[in-house]
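Chemist: Right, I'll just put the structure down here and ask away after.
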Amino acid sequence: MEMRPNNTPNMMEIPPKLKEYIDNNRGSLPPITDPDEPLQIDSLGLIRMVAFLENDLGYRVEDEELIAENFVTMRALGELLETKTPTAPTWQVKAPAQEGIPTFTVKREK
């Protein structure tokens, strides 16, 4: 991880959209400014963050990587993301089935 002169990791290593997502989903907690500050997310928050990483940013998080140590701080999350190359994020929309109209899925590459 690239270090600045004061030996703190460069916060720019975290994708800005991810930093914004984390700051906006911390409830009443202030935005993260220290890379070693605990993110304080619960298990549901972790699942939502992983969905955001995969669907919006294109990072694939493997099952064996879903451990608290990888998501406890921005530094830990940055170290996890350093091992990955994002692919094109995707999302899917399922149209509701209607009488006489087949159900279909739309998949969009960003």
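Residue numbers (the working numbering): 13 to 122.
Built from N, CA and C at the ideal position, the CB exists for glycine as well.
Among the candidates P98, R38, V62, whose CA atom is the shortest distance from the CA of E76?
Modeler: Out of P98, R38, V62, V62 has the C-alpha closest to the C-alpha of E76.
Chemist: With the cut-off set at 8 Å, would you say A88 and E94 are in Cβ contact?
Modeler: Contact: no.
Chemist: State the start and end residues of the unbroken alpha helix (DSSP H) segment that holds A80.
Modeler: Counting along the chain, A80 falls outside any alpha helix (DSSP H), and DSSP gives it neither H nor E.
Chemist: Taking the straight line between their C-alpha atoms, what separation do you get for E91 and G39?
Modeler: In a straight line, the C-alpha of E91 is about 25 Å away from that of G39.
Chemist: Look at the Cβ atom of I59, then the Cβ atom of I44, and state whether they are nearer than 8 Å.
Modeler: Not in contact: I59 and I44 (Cβ atoms no closer than 8 Å).
Chemist: Going by Cα to Cα distance, which pick from D68, S55, G57 is closest to P28?
Modeler: Answer by Cα proximity: D68.
Chemist: Could you check what DSSP says for P28 in three-state terms: helix, strand or coil?
Modeler: Three-state DSSP puts P28 in a helix.
Chemist: What's the gap between the Cα of D54 and the Cα of F83?
Modeler: So the two alpha carbons sit approximately 10 Å from each other.
Chemist: Could you name the residues that DSSP lists as bridge partners for P50?
Modeler: Note: P50 sits in a beta bridge opposite T85.
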